[in-house]
Amino acid sequence: MRSLTLLLPLTLLLAACGSREVQAPGAYDLSGTIGGDWGENPRLRLALVGTGFPTALTNDGNQPQNVVSSGLNSWNFGFDLPRSPSVATVAGVYQVIAYNDANNTGTYEPGETFARNRQWLIYSEFGGDIPAVKLPGSGEELTPAMTVERGWNLYNRNFPLSGSNPSPAGRVTGYDISR
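According to mature numbering (1 follows the signal peptide of the UniProt record, and there is no 0), the sequence shown holds residues -24 to -1, 1 to 155 in order.
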């Protein structure tokens, strides 16, 4: 009986540490649709890609996710954002991309077909003012200087900066991606 008493808490602890079960796309932190021609029998996956400080680059396709066909050239998806992009990241600019995992590695690799949108996920460990982020080499501005809350924020480049853009990214719906 005593060994059962010790085994139960250990079992519950291990169960709490396990990965999340696959859910319907709308049950994830980020959800939307994927559209367009991806070729025959694509292996669509999602990855969080971007850059942060002091961590240089992020390419993380290992977050809980689900991509479900909803018809010809149409899929619904859900993706969970990590608590932070990496242990050392203080601030950063990211996007969730859809890609055809042609070699079935579970990691986005240069050369694989991908698509993204004009919505950026801005992460800040502390909140406050974030400087403009520019592409190295070209100097193209990805995001303007802005004020964000602590944690994940959503900035939509289709709209001007305002009191609601960027906004804290609790549960994001309509994060649609198309080729």
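All C-beta atoms in this analysis are idealised placements derived from N, C-alpha and C, irrespective of residue type, glycine included.
Assigned with DSSP and collapsed to three states, G47 falls in strand.
By the CB criterion at 9 Å, T9 and D152 fall inside the cutoff.
In the same chain as P18, and ignoring 5 residues on each side of it, the C-beta atoms closer than 7 Å to its own belong to N76, in chain order. Judged by DSSP in its simplified three-state form, A3 adopts helix.
DSSP, read as helix, strand or coil, puts A78 in coil. In the three-state scheme derived from DSSP, where H, G and I count as helix and E and B as strand, S143 is classed as strand.
Rounded to the nearest angstrom, the gap between the Cα atoms of A74 and R155 is 9 Å. Using a Cβ distance threshold of 9 Å, A23 and V72 count as a contacting pair.
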